[in-house]
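In the working numbering, the protein residues as written are 11 to 326.
Have a look at this one:
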């Protein structure tokens, strides 16, 4: 499948008119083998993927950068501009004076001059220093959101990134940023899947010209914090059988039909190929109705157990 066949959405508030591919490969993995990541990224590029999502806390920026350099060397892509690269600001760097240095460090590891999208990873800060996940509660400090966002805006103004956004932000926190932002967030990346549908976030972002990107669209099966609730769901399984599709394809198609972009992680060639095959068919109204009845359960509980409820209630 050619990358040109993957739909794109124009990023609001971005520098230039470059679109974000609606499906991309995430690189958050507990597999510490950088060669596995490099092989997966190169295979994904061959299959047509052009959107790659990383973060400073993932430890995958360097491996992704090496894969991009190799892809350019091999001619798998004609230029860097064919790719869409996202990275994220970790909580220990979510301080006004550390935002630009953190982005420059990420760019160095990625061997890039600029990102396409830079996100505040979580709506919290931690004491500067060694990056860790989860974060010890005693190291948490209030996020100076106005000054940190001003530094994010400066990153875009000086050309270190084409666009900026947030991740794991509640409606309340988005409203706060929108009240003072000079450059509004282009994206809010949050957990979305059929067992955590996030209808209110999707509706709010749509009304405020913010693109939503879904992470953990398949429930993060295999991750230490993930579970099998999505891929083992009986409703999704029955829809997949009736449609002649995989459960993963049903989930990704459902997300796409919500007008949401998505990133997922897989190093398996066959699954990488299968997960692109979601654009030439649709779910029926009956399928949607059944999915809307699936009980809701959040998978990702956040970077600090001591602040789980406050994060999701939008109180911090």
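Glycine included, each C-beta is placed from N, C-alpha and C at the ideal position.
*Identify which residue in 274, 226, 284, 273 has its Cα closest to the Cα of residue 254.*
Reading the chain shown from its first residue, position 244 is the one you call residue 254. Taking each of 274, 226, 284, 273 in turn and checking the Cα distance to residue 254, the smallest one comes out for 284.
*Is the stretch 114-123 close to the stretch 74-89, with three or more CB pairs under 8 angstroms?*
They touch, by the three-pair rule.
*asked:* Rounding to the nearest angstrom, what Cα-Cα distance links residue 140 and residue 26 in this structure?
replied: Translated into positions along the chain shown, residue 140 becomes position 130. Translated into positions along the chain shown, residue 26 becomes position 16. Just so you know, the alpha carbons of residue 140 and residue 26 end up roughly 35 angstroms apart.
*For residue 150, which beta-bridge partners are listed by DSSP?*
If you number the chain shown from 1, residue 150 lands on position 140. BP columns for residue 150 point to 136.
_Judging by CA-CA distance, which residue of 293, 191, 29 is the nearest neighbour of residue 96?_
Here residue 96 is taken as the residue at index 86 of the chain shown, counted from 1. Measuring from the Cα of residue 96, the nearest candidate turns out to be 29.
*Got a sec? Which residues, its chain only, sit under 6 angstroms from residue 21 by beta carbon, not counting five neighbours each side?*
Against the chain shown, residue 21 aligns to sequence position 11. Taking residue 21 as the centre and dropping the five residues before and after it, the same chain places the C-beta of 30, 173, 196 closer than 6 angstroms to its C-beta, in chain order.
*The beta strand (DSSP E) spanning residue 303 covers which residue range?*
One-based indexing of the chain shown puts residue 303 at position 293. Where residue 303 is concerned, there is no enclosing beta strand (DSSP E), because DSSP gives it neither an H nor an E.
*Check the C-beta distance from residue 153 over to residue 138 and give it rounded, since I have them as a contact under 8 angstroms.*
For this step, residue 153 is matched to residue 143 along the chain shown. For this step, residue 138 is matched to residue 128 along the chain shown. A Cβ-Cβ distance of about 13 angstroms is found for the pair residue 153 and residue 138, leaving them out of contact under the 8 angstroms criterion.
*Going by other Cβ atoms of all chains shown within 10 Å of its Cβ, with 16 needed for buried, is residue 204 buried or exposed?*
Position 194 of the chain shown, counted from the start, is the residue given in the question as residue 204. Here residue 204 is buried: its Cβ has 16 or more other Cβ atoms, across all protein chains shown, within 10 Å.
*Please determine if the stretch 240-257 and the stretch 289-306 are in contact, where contact requires at least 3 C-beta pairs separated by less than 8 angstroms.*
A contact exists between the stretch 240-257 and the stretch 289-306.
*asked:* In whole angstroms, give me the CA-to-CA distance for residue 272 and residue 17.
replied: As a working note, residue 272 is residue 262 in the chain shown. As a working note, residue 17 is residue 7 in the chain shown. Using only the alpha carbons, I get a separation of about 12 angstroms.
*Alpha carbon of residue 318 to alpha carbon of residue 312, nearest angstrom*: Position 308 of the chain shown holds residue 318. Position 302 of the chain shown holds residue 312. For residue 318, the predicted structure reports a pLDDT of 47, less than 50, and the residue's modelled location is therefore unreliable. A value from the coordinates is still provided. In this structure, the alpha-carbon of residue 318 lies about 6 angstroms from that of residue 312.
*With residue 17 as the anchor, note down where its beta strand (DSSP E) starts and where it stops.*
On the chain shown, residue 17 is found 7 positions in, with the first residue counted as 1. In the DSSP assignment, residue 17 falls outside any beta strand (DSSP E), carrying neither H nor E.
*Hey, would you say residue 145 sits closer than 8 angstroms to residue 176, going by beta carbons?*
For the purposes of this step, residue 145 is identified with residue 135 of the chain shown, where counting begins at 1. For the purposes of this step, residue 176 is identified with residue 166 of the chain shown, where counting begins at 1. Against a cut-off of 8 angstroms, the Cβ pair of residue 176 and residue 145 comes out as no contact.
*Given that a residue counts as buried once 16 or more other Cβ atoms are within 10 Å of its Cβ, and exposed if not, what is residue 263?*
As a position in the chain shown, residue 263 is number 253, starting the count at 1. Buried, because 16 or more other Cβ atoms sit within 10 Å of the Cβ of residue 263.
*asked:* Quick test of the definition: if touching needs 3 or more C-beta pairs under 8 angstroms, does the stretch 96-106 touch the stretch 62-69?
replied: They touch, by the three-pair rule.
*Distance, Cα to Cα, residue 32 vs residue 270?*
The sequence position of residue 32 within the chain shown is 22, counting from 1. The sequence position of residue 270 within the chain shown is 260, counting from 1. Taking the straight line from one Cα to the other gives about 7 angstroms.
*For residue 44, which residues of its own chain have a beta-carbon under 6 angstroms away from its beta-carbon, when the five flanking residues on both sides are left out?*
As a first step, residue 44 must be located in the chain shown, where it is residue number 34. Excluding residues within five positions, the ones whose Cβ falls inside 6 angstroms are 73.
_Buried or exposed for residue 192, going by 16 or more other Cβ atoms inside 10 Å?_
Locating residue 192 in the chain shown gives position 182, where the first residue counts as 1. Classification for residue 192: exposed.
*Express the C-alpha separation of residue 202 and residue 151 in angstroms, rounding to a whole number.*
As a working mapping, residue 151 is identified with position 141 in the chain shown. As a working mapping, residue 202 is identified with position 192 in the chain shown. About 27 angstroms.
*At which residues does the alpha helix (DSSP H) containing residue 45 begin and terminate?*
Within the chain shown, the letter at position 35 stands for residue 45. Counted as a single uninterrupted DSSP element, the alpha helix (DSSP H) harbouring residue 45 occupies residues 44-57.
*Could you please give me the residues that DSSP links to residue 201 through a beta bridge?*
By 1-based counting over the chain shown, the position of residue 201 is 191. Residue 201 pairs with 225.
*asked:* What would DSSP say about residue 156, mapped onto helix, strand or coil?
replied: Within the chain shown, residue 156 is the residue found at index 146, counting from 1. DSSP, read as helix, strand or coil, puts residue 156 in helix.
*CB-CB under 7 angstroms to residue 55, same chain, minus the five flanking residues each way: which ones, in chain order?*
Sequence index remark: in the chain shown, residue 55 carries index 45 (1-based). In the same chain as residue 55, and ignoring 5 residues on each side of it, the C-beta atoms closer than 7 angstroms to its own belong to 81, 86, 87, in chain order.
_Residue(s) in a DSSP beta bridge with residue 274_ = For the purposes of this step, residue 274 is taken as residue 264 along the chain shown, with counting starting at 1. In the DSSP output, where bridge partners are listed per residue, residue 274 has 35.
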